[in-house]
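Visitor: First the structure, then my questions, so here it is.
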Amino acid sequence: MTSPQPNRRALIRGAAWSVPIVAATASAPARAETSGPCPADVVLPIPEIDDIRVDAADGASSFYTVEPGITQIDFTIAGGRGGASPFAAGGGAGLIQGSFSVAENDMVTFVVGQGGFGQRSTGSTNTGGRGFADGGDVPAPGGAGDTGTSGSGGGASAILLNGTPLVIAGGGGGGGMLEGVSPASWEWSYPSSPSTHAGAFGTAATSSVISRSGAGSGQPSGLITVFPGGNATDAAVGVPSATAATSTFTAGELVDPVVGLPGAEGGSGGAGVASAVSATSAGRFSVGSGAGGGGYRGGASGSSVAFYYASPLGDLAWSIGGNGGAGSNFISTSVTIVSVGTTEFSTIQQRVPGFITATARCV
């Protein structure tokens, strides 16, 4: 087992691999004939990603050349989770357990996807987790004032046999967020984590809902709903909601609702989209929405919107980013599947990387 420095451009080439290549069935190698007793099982030392800082977006790759007598690889693989915010959990990633046949001198490549990062309020791009396919970035919103990003998407993990993908575990979508101000005497119901969450494998992202039911002079009531990005599937990329947001408030208005971006056929998650700037005497606010996770096909990013109301008691201004959708999985027909599921949602505002464990066996 060797673990050279990852060269993503040479190995992964970002998300440039094409679906027709991935979709082609990987032929299982003939089982090696063993002479004498089988060698002992070998637990492959696949490196883990232990750097979860905001600037540590890269995934990791390693390689194994099949030794004499080894005929099967048993594995567990998970993609990177989506970044979380205080208002929405990051999406869980694809989690797959199985095995595949190998022959002597086959080259097995392991690519571990990095997780997306959580809410970032520094005015900088929130880079998605990199991997076999990259999680979507959330560009920093433009304009002066209080700006921030929702969670970025998680990167996909993959196992390749002689350069052909056998299994891809999709990354989770990024959790949405909000920035804003309202009169101090008003009470609101905000999105909360983990009941509000980004897309995970098998679980769609929730809408972000802000509500107020109170009544009083100059105090409107109603709901603002910001719609999420869709999960990718085996057959199609994740698509954004046709409607960015709705409001039932008795006063105030939505400002320039923006629908999210679709995921890519090549696997990258859709990038987050910035809301309009909501400006008041108390400040200027803008956010970027949750990005899509990377995978066989990429998840879509969430919608974004600003809301403004000039109240007699003070200005009300919110900028809201919706949740991103998850990337999809891929499993070759030559893989024996044990289980397919998802990791837990992410509730910490740090990267939660994917992982791969594998054992080389003689069977």
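Residues -32 to -1, 1 to 331 (mature numbering (1 follows the signal peptide of the UniProt record, and there is no 0)) are what the sequence shown spells out, left to right. Yeah, the Cβ is synthetic: ideal placement off N, Cα and C, and Gly gets one too.
Determine whether the beta carbon atoms of Pro109 and Ser254 lie at a separation below 7 Å.
Guide: Yes, the Cβ-Cβ distance between Pro109 and Ser254 is below 7 Å.
Visitor: In terms of residues, what are the limits of the beta strand (DSSP E) holding residue 334?
Guide: Any question about residue 334 goes unanswered here, given that the chain covers just -32 to 331.
Visitor: Counting only runs of 3+ residues fully inside the region 198 to 258, write out the beta strand (DSSP E) ranges in chain order.
Guide: For the region 198 to 258, whole beta strand (DSSP E) runs of length 3 or above, ordered along the chain, are 213 to 215, 221 to 226, 246 to 248 and 251 to 256.
Visitor: Where do the ends of the beta strand (DSSP E) carrying Ser176 lie?
Guide: Ser176 -> beta strand (DSSP E) spans Ser176 to Arg180.
Visitor: Less than 7 Å between CB atoms is the rule here; does Gly258 satisfy it with respect to chain B?
Guide: This model lacks chain B altogether; it includes just one protein chain.
Visitor: By DSSP's criteria, Gly309 is part of a beta bridge. Which residues make up the other side?
Guide: For Gly309, which the question treats as bridged, DSSP gives the partners Leu63.
Visitor: Measure the alpha-carbon distance for Gly267 versus Pro13 and round it to whole angstroms.
Guide: Distance between the alpha carbons of Gly267 and Pro13 is about 31 Å.
Visitor: Restricting to Cα atoms, I'd like to know which of Val273, Gly289 and Leu129 is closest to Asp74.
Guide: Nearest C-alpha to Asp74: Leu129.
Visitor: For Thr327, I'd like the list of residues in its chain whose CB is within less than 6 Å of its CB, leaving aside the five on either flank, ordered along the chain.
Guide: Closer than 6 Å at Cβ, skipping near neighbours: Asp9, Val11 and Asp42.
Visitor: Any idea if Thr311 is buried or exposed, counting beta-carbon neighbours within 10 angstroms, 16 or more meaning buried?
Guide: Burial call: buried.
Visitor: Between Gly97 and Gly81, which are expected to be in contact by the criterion C-beta below 8 Å, what is the C-beta distance as a whole number of angstroms?
Guide: The pair is a contact, with the Cβ atoms about 6 Å apart (cut-off 8 Å).
Visitor: If I follow the unbroken beta strand (DSSP E) through Ser125, where does it start and stop?
Guide: That run of the beta strand (DSSP E) goes Ser125 to Leu129.
Visitor: Which partner residues of Asp283 appear in the DSSP bridge assignment?
Guide: Answer is Ala278, bridged to Asp283.
Visitor: I'd like the list of long-range same chain contacts for Ile64, defined as Cβ closer than 7 Å, with 5 residues on each side in sequence excluded.
Guide: Result list for Ile64: Ile45, Val135, Ala137, Asn297, Ile299 and Val308, in chain order.
Visitor: Can you round the beta-carbon distance between Arg252 and Gly140 to whole angstroms, since I take them to be within the 8 Å contact cut?
Guide: Not really, about 31 Å apart at Cβ, beyond 8 Å.
Visitor: Starting from the C-beta of Ser236, find all residues in its chain whose C-beta is less than 6 Å away, skip the five residues before and the five after it, and write them out in chain order.
Guide: Excluding residues within five positions, the ones whose Cβ falls inside 6 Å are Ala(-18), Ala101, Asp102, Gly262 and Gly266.
Visitor: If I'm right that Thr218 touches Ser189 with Cβ under 8 Å, what's the distance once you round it to whole angstroms?
Guide: Yes, they are in contact, since the Cβ atoms of Thr218 and Ser189 sit about 6 Å apart, within 8 Å.
Visitor: Pick helix, strand or coil for Thr95, following the three-state DSSP scheme.
Guide: Correct three-state label for Thr95: coil.
Visitor: Buried or exposed for residue 336, please, with buried defined as at least 16 other CB atoms from any protein chain shown within 10 angstroms of its CB.
Guide: The structure shown does not extend to residue 336, since the chain spans only -32 to 331, so no value can be given for it.
Visitor: Could you check what DSSP says for Ile20 in three-state terms: helix, strand or coil?
Guide: Coil at Ile20, not helix or strand.
Visitor: When DSSP labels each residue in this structure, what does Gly116 get in the three-state scheme?
Guide: Here Gly116 sits in strand by DSSP.
Visitor: Based on the DSSP secondary-structure assignment, which residues constitute the bridge partners of Gly32?
Guide: First, the residue type needs correcting, since residue 32 is Tyr and not Gly in the sequence shown. Its beta-bridge partners are Val76.
Visitor: For a test of the three-state rule: what should DSSP assign to Arg88, helix, strand or coil?
Guide: It is a strand residue.
Visitor: Please go through the same chain and pick out, in chain order, the residues whose beta-carbon is closer than 8 Å to the beta-carbon of Trp154, but skip the five residues on each side of it.
Guide: Excluding positions up to five away in sequence, the list reads Arg180, Gly182, Gln187, Leu281 and Leu284.
Visitor: When the distance is taken between beta carbons, is Gly37 closer than 7 Å to Ser125?
Guide: Cβ atoms of Ser125 and Gly37: not closer than 7 Å.
Visitor: According to DSSP, is Leu12 part of a helix, a strand, or is it coil?
Guide: Leu12: coil per DSSP, three-state reduction.
Visitor: Please identify the residue among Gly121, Phe195 and Gly295 whose C-alpha is closest to the C-alpha of Gly234.
Guide: Gly234 has its Cα closest to that of Gly295, out of Gly121, Phe195 and Gly295.
Visitor: Taking the alpha-carbon positions, what's the Ser29 to Thr325 distance?
Guide: So the two alpha carbons sit approximately 13 Å from each other.
Visitor: At the level of alpha carbons, what is the spacing between Gly116 and Ser157?
Guide: Roughly 21 Å separates the two Cα atoms.
Visitor: From the DSSP output, in three-state form, read off Pro38 for me.
Guide: Reading off the sequence shown, one finds Ile at residue 38, where the question assumed Pro. Here Ile38 sits in coil by DSSP.
Visitor: Considering only the beta carbon of each residue, do Phe195 and Ser163 sit closer than 7 Å?
Guide: Cβ distance not < 7 Å, so Phe195 and Ser163 don't count as in contact.
Visitor: May I have the straight-line CA-CA distance separating Ser53 from Val34, to the nearest angstrom?
Guide: Distance between the alpha carbons of Ser53 and Val34 is about 42 Å.
Visitor: Where Gly228 and Glu16 are concerned, what is the direct C-alpha to C-alpha distance, given to the nearest angstrom?
Guide: Answer to the nearest angstrom: the Cα atoms are 32 Å apart.
Visitor: Roughly how many whole angstroms lie between the Cα atoms of Ala172 and Asn291?
Guide: Looking at the two C-alpha atoms, the distance is approximately 10 Å.
Visitor: Could you tell me whether the Cβ atoms of Gly84 and Gly121 are closer together than 7 Å?
Guide: Contact flag set, yes.
Visitor: For Gly295, does the three-state DSSP call read helix, strand or coil?
Guide: Note: Gly295 maps to coil in three-state DSSP.
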